[in-house]
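S.K.:
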Amino acid sequence: MTGWLALQSVSVVLGNRTVVADVNATFAPGQFVAIVGPNGAGKTSLLRAVAGRLPCSGSIMLAGQPLAAITLSERARLIGYLPQGHQTHWPLPVRDIVGLGRLAHGAGDPRRLTGADAAAVADAITRTGIGAILDQPATDLSGGERARVALARVLAQQTPLVLADEPTASLDPRYQLQIANLLRDLAREGVLVLAVTHDLSHAAHFADRVLVMNRSQVVRDAAPSAALDDATLAEVFGVRAASDASAARVPWEVLP
Amino acid sequence: MRLTPAEVAAALFGQPDDPVHAIIVHDIRLPRMVLAGLIGAVLGLSGAALQGLTRNPLADPSLFGAPQSAAFAAVAMVGFGGVDILSAWMPVAGIIGALASVGLLLLVTGRGAPMLVVVLAGLAIASLAGAATALTMNLAPNFYAALEIAFWLMGSLEDRSLRHLWLAAPFILAGSALLLAQGRALRALTLGEDVAASLGVAVSRTRVAVIVGVALGVGAAVAVSGAIGFIGLVAPHLVRPLVGHDPGRLLGASAWAGAALLLAADCLVKLAPASTDLKVGVITALVGAPFFLSLILNQRRLFAGDAQ
Chain A
0 MTGWLALQSV
10 SVVLGNRTVV
20 ADVNATFAPG
30 QFVAIVGPNG
40 AGKTSLLRAV
50 AGRLPCSGSI
60 MLAGQPLAAI
70 TLSERARLIG
80 YLPQGHQTHW
90 PLPVRDIVGL
100 GRLAHGAGDP
110 RRLTGADAAA
120 VADAITRTGI
130 GAILDQPATD
140 LSGGERARVA
150 LARVLAQQTP
160 LVLADEPTAS
170 LDPRYQLQIA
180 NLLRDLAREG
190 VLVLAVTHDL
200 SHAAHFADRV
210 LVMNRSQVVR
220 DAAPSAALDD
230 ATLAEVFGVR
240 AASDASAARV
250 PWEVLP
Chain B
0 MRLTPAEVAA
10 ALFGQPDDPV
20 HAIIVHDIRL
30 PRMVLAGLIG
40 AVLGLSGAAL
50 QGLTRNPLAD
60 PSLFGAPQSA
70 AFAAVAMVGF
80 GGVDILSAWM
90 PVAGIIGALA
100 SVGLLLLVTG
110 RGAPMLVVVL
120 AGLAIASLAG
130 AATALTMNLA
140 PNFYAALEIA
150 FWLMGSLEDR
160 SLRHLWLAAP
170 FILAGSALLL
180 AQGRALRALT
190 LGEDVAASLG
200 VAVSRTRVAV
210 IVGVALGVGA
220 AVAVSGAIGF
230 IGLVAPHLVR
240 PLVGHDPGRL
250 LGASAWAGAA
260 LLLAADCLVK
270 LAPASTDLKV
280 GVITALVGAP
290 FFLSLILNQR
300 RLFAGDAQ
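If you read the sequences in order, they're chains A and B.
Using numbering that gives the first Met the number 0, the letters of the first sequence correspond one by one to residues 0 to 255.
Using numbering that gives the first Met the number 0, the letters of the second sequence correspond one by one to residues 0 to 307.
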């Protein structure tokens, strides 16, 4: 089912600045796609456009319908969106924050979830390993805990498309790997995952496909080894892979 | 006039010994009590809804200028229209004033403006209404009209009749219903506007609903009672230790707390010697502000967390 998510000539203009220019790409369910690029390349804007949060020109088709024609409540069941920053404005307990993901499925009070809603929340909590902090106020967490709670909320939403903006930023190496593994597993289960990341080695190791953005354009769109070749690394990021290190290897793995 | 509980019960449910008791209870005390409950409830509810909408624990019902506009429109009837201070024209004008302020606010900001822009526009409208109120007093036809206006602005439930209740109640109830329906959306806004939208919440529609709901409810309340401060700000803080910080669950709880607070304050007013014409709005601010200070002392950690 290629083209489940299809972007055609997608451009985003903010004020008088073009932050995303003429992006064309199609995505199939079950792919883990990393979006990489220098700061200001347009990664977050592209993700927000796909989430329906930024007006754009061109066309975005999702599950056979134009994104603009999909109602907000239908979108909430299709697209899980994890923005940067993981804002939480009130000190709700972590359990309630995760439960908020079920609002997308019509649940009301996160403290009174039943059936499928409760099961989805329990599963998200187990997967992200936040069982020990469920009663803590979400405003009192460490950066790493906040990131996992935010991800748990998206998992609880159980959407076929997950858009994650730097999901591993501010995490220690162990949790970075866990989250990356988790997103890859999600993709194996049939979810389309688009993740913005600055970690090129993670992108190379975990993703099925890498979109490289530079100056608001997608300059490479290929399997990791092809997208992150020496020429692209030099041209886009101004770096090169250290002598014998293959970009496609992560030097750590999570201890059991 | 003093009535024993038994005499009140008889006047309410049975045959009172003295027909005057029935008139006192039915036409004076009951409307006043129901008004106090309704007004307190819609103030608490509005405070909770605005704090949820702006995600700011300092928001109160006057944030977007609806109560100030209602107050101005009402006193303009006295200052320029020559109507009596207890006339039914006061609430009618007040409600129109509150709705006009919402119209102006939405006209200026349009849909989807950043919250900061809406707050700033509301501040401008509130200041304008305040200045217009001062002008009304300034230009009042005589000294007594200005004094009447000044006293009315302090907020009171004295001498309000069934007619006031029938005028204000439909608007208060409609505004409250609109606000209570926003619980889910306000809950989602805990995670910011982007995430709330991704959870299926129409963020700008929620904003309009809260602004209109507050204007209907608080506009009608102010139009009947004058300005009653602090209840909208304090009620949500009062119930947070009991029901938690969930903005959805806070709505109903804050309404009950607001009703209880205003009823209690109005009782205090009635306990005062009859010669002192104490205004309930003065009491709520006088008792409310120190209480709020003590709450802040107890919850300093929470506020520090917000500032991060």
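Quick reminder that beta carbons are idealized off the backbone N, C-alpha and C, glycines included.
Taking C-alpha atoms, which residue in A/L112, A/V97 and A/P166 lies nearest to A/D134?
M.R.: A/D134 has its Cα closest to that of A/V97, out of A/L112, A/V97 and A/P166.
S.K.: Give me, in chain order, the residues of the same chain whose beta-carbon lies closer than 8 Å to that of A/G14; leave out the 5 immediate sequence neighbours on both sides.
M.R.: Here the set comprises nothing.
S.K.: What first and last residue would you give for the beta strand (DSSP E) that runs through A/V9?
M.R.: That run of the beta strand (DSSP E) goes L4 to L13.
S.K.: Determine the direct distance from the alpha carbon of B/L29 to that of B/G93, and round the result to whole angstroms.
M.R.: The straight-line gap from Cα to Cα measures roughly 23 Å.
S.K.: Using beta carbons (cut-off 8 Å, strictly below), is A/Y174 in contact with chain B?
M.R.: False, the Cβ-Cβ gap to chain B never drops below 8 Å.
S.K.: Shortest alpha-carbon distance to B/I95 belongs to which of B/V19, B/A70 and B/Q181?
M.R.: B/I95 has its Cα closest to that of B/A70, out of B/V19, B/A70 and B/Q181.
S.K.: Taking DSSP as the reference, what is the three-state secondary structure of A/L210?
M.R.: Strand at A/L210.
S.K.: Could you tell me if B/R110 is buried or exposed, where buried requires 16 or more neighbouring beta carbons within 10 angstroms of its beta carbon?
M.R.: Classification for B/R110: exposed.
S.K.: Cβ closer than 7 Å: which chain A residues qualify as neighbours of B/L190?
M.R.: Simply Q86, T87 and L99.
S.K.: Kindly list, in the order they appear in chain A, the residues whose Cβ is closer than 8 Å to that of B/L198.
M.R.: What B/L198 touches in chain A: A75, L99, G100, L102, A103 and Q156.
S.K.: Can you grab the Cα-Cα spacing for the pair B/R206 / A/A230, in whole Å?
M.R.: Those two C-alpha atoms are separated by around 49 Å.
S.K.: Cutting at 7 Å between CB atoms, please list the residues of its own chain near A/A106, excluding the five before and the five after it.
M.R.: The answer, listed in chain order, is L112 and D116.
S.K.: Give the C-beta separation of B/G212 and B/G174 to the nearest angstrom, bearing in mind that I take them to be a contact with Cβ-Cβ under 8 Å.
M.R.: Yes, B/G212 and B/G174 are in contact; Cβ-Cβ is about 5 Å, under 8 Å.
S.K.: For B/E147, is the classification buried or exposed, using 16 other Cβ atoms within 10 angstroms of its Cβ as the cut-off for buried?
M.R.: Under this definition B/E147 is a buried residue.
S.K.: Output yes or no for whether 8 Å exceeds the beta carbon distance between B/V7 and B/V33.
M.R.: It is not a contact, given that the beta carbons lie outside the stated cut-off.
S.K.: What three-state label does DSSP hand A/L99 in the structure shown?
M.R.: In this structure, A/L99 counts as helix in the three-state DSSP scheme.
S.K.: Tell me whether A/P109 sits in a helix, a strand or coil according to DSSP, three-state version.
M.R.: Reduced to three states, the DSSP call for A/P109 is coil.
S.K.: What distance in whole Å lies between the Cβ atoms of B/G129 and B/Q67, which are believed to be in contact at a cut-off of 8 Å?
M.R.: Yes, B/Q67 and B/G129 are in contact; Cβ-Cβ is about 5 Å, under 8 Å.
S.K.: Closer than 7 Å: is that where the CB of A/R16 sits relative to any heavy atom of the ligand MN?
M.R.: Annotation note on the ligand MN: not contained in the displayed structure, which lists no ligands.
S.K.: Can you confirm whether B/R110, when its beta carbon is compared against all beta carbons of chain A, has any partner nearer than 8 Å?
M.R.: Chain A contact via Cβ: absent.
S.K.: For B/A201, name the three-state secondary structure that DSSP assigns.
M.R.: Reduced to three states, the DSSP call for B/A201 is coil.
S.K.: If distances are taken between C-alpha atoms only, which option among B/A234, B/G243, B/L270 and B/V77 comes closest to B/F290?
M.R.: Of the listed residues, the one whose Cα sits closest to B/F290 is B/A234.
S.K.: What's the C-alpha gap between A/A123 and B/G231?
M.R.: Those two C-alpha atoms are separated by around 37 Å.
S.K.: Go ahead and pull the three-state DSSP assignment for B/M114.
M.R.: In this structure, B/M114 counts as helix in the three-state DSSP scheme.
S.K.: Could you give the residue range of the alpha helix (DSSP H) that holds B/F12?
M.R.: Run containing B/F12: P4 to F12, per the alpha helix (DSSP H) assignment.
S.K.: Closest by CA to B/T226, which one among B/P90, B/K269 and B/L166?
M.R.: In the sequence on display, residue 226 of chain B carries Ala and not Thr. For the residues B/P90, B/K269 and B/L166, the minimum Cα distance to B/A226 belongs to B/P90.
S.K.: Helix, strand or coil: which one does DSSP assign to A/Q257?
M.R.: Only positions 0 to 255 of chain A appear in this structure, which leaves residue 257 of chain A out of reach.
S.K.: Would a C-beta distance cut-off of 8 Å place B/A35 and B/D265 closer than the cut-off?
M.R.: Yes; because the gap between Cβ atoms is below 8 Å, this pair is in contact.
S.K.: Is the separation between the beta-carbon of A/D207 and that of A/F31 shorter than 8 Å?
M.R.: Closer than 8 Å, so yes.
S.K.: Less than 8 Å between C-beta atoms, sequence neighbours within five positions excluded: which residues of the same chain meet that for A/P90?
M.R.: Result list for A/P90: P136, A137, T138 and D139, in chain order.
S.K.: Does chain A have any CB closer than 8 Å to the CB of B/R299?
M.R.: Closer than 8 Å: no.
S.K.: By DSSP's criteria, A/Y80 is part of a beta bridge. Which residues make up the other side?
M.R.: DSSP output for A/Y80 lists A/L162 as bridge partner(s).
S.K.: Roughly how many angstroms lie between the CA atoms of A/A5 and A/D220, to the nearest whole one?
M.R.: Rounded to whole angstroms, A/A5 to A/D220 spans 14 Å at the Cα level.
S.K.: Can you round the beta-carbon distance between A/D171 and A/G143 to whole angstroms, since I take them to be within the 8 Å contact cut?
M.R.: That pair is a contact at about 6 Å.
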